[in-house]
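A.B. asks: Structure below; questions to follow.
Residue numbers (my numbering): 1295 to 1442.
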């Protein structure tokens, strides 16, 4: 079981906004991609959710941007589940620049677990919550510092 998931990202020209820095939309896409990859790494692929007829939807994103990132830079992005409730979980994210270990952005998403057919929130299966032990931010930051 992965308590947290880290991915290396090389920033491309396609990631840039009109101001020459990584677009806000790209950070949101990376957050979703990280969550999906972390889930799959713990045995919960999109196909598994589809077979259950249940899965996650975003209720809320909150992103704090600290420093800009530009094309050509390498970023380490991390995600982890901070907590579970009966029908929702809070997932956190950190984005670090590899060259100087600068914190570029930190984010949080509130995910709601729903039944696909009804669109209504349902209880998170115990088998799912067991596969995602919440991690502590300090543990993730230490892993990011030693990445590469």
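We put the CB at the ideal spot given by N, CA and C, even for glycine.
Please go through the segment 1325-1401 and give each complete alpha helix (DSSP H) segment of 4 or more residues, from N-terminal end onward.
C.D. replies: Qualifying alpha helix (DSSP H) stretches, in chain order: 1340-1346.
A.B. asks: Is the CB-CB distance between residue 1374 and residue 1439 below 8 Å?
C.D. replies: Contact: no.
A.B. asks: Within a Cβ cutoff of 8 Å, which residues of the same chain sit near residue 1329, ignoring the five residues on either side of it in sequence?
C.D. replies: Closer than 8 Å at Cβ, skipping near neighbours: 1350, 1373, 1385, 1403 and 1405.
A.B. asks: Find the nearest neighbour of residue 1247 within the set 1319, 1307, 1332 and 1345, judged by alpha-carbon distance.
C.D. replies: Shown here, the chain extends from 1295 to 1442; a query on residue 1247 therefore has no answer.
A.B. asks: What does the alpha-carbon distance come out to for the pair residue 1369 and residue 1314?
C.D. replies: Each residue's alpha carbon lies about 16 Å from the other.
A.B. asks: Please name the residue in 1415, 1325 and 1364 whose C-alpha comes closest to that of residue 1312.
C.D. replies: Nearest C-alpha to residue 1312: 1364.
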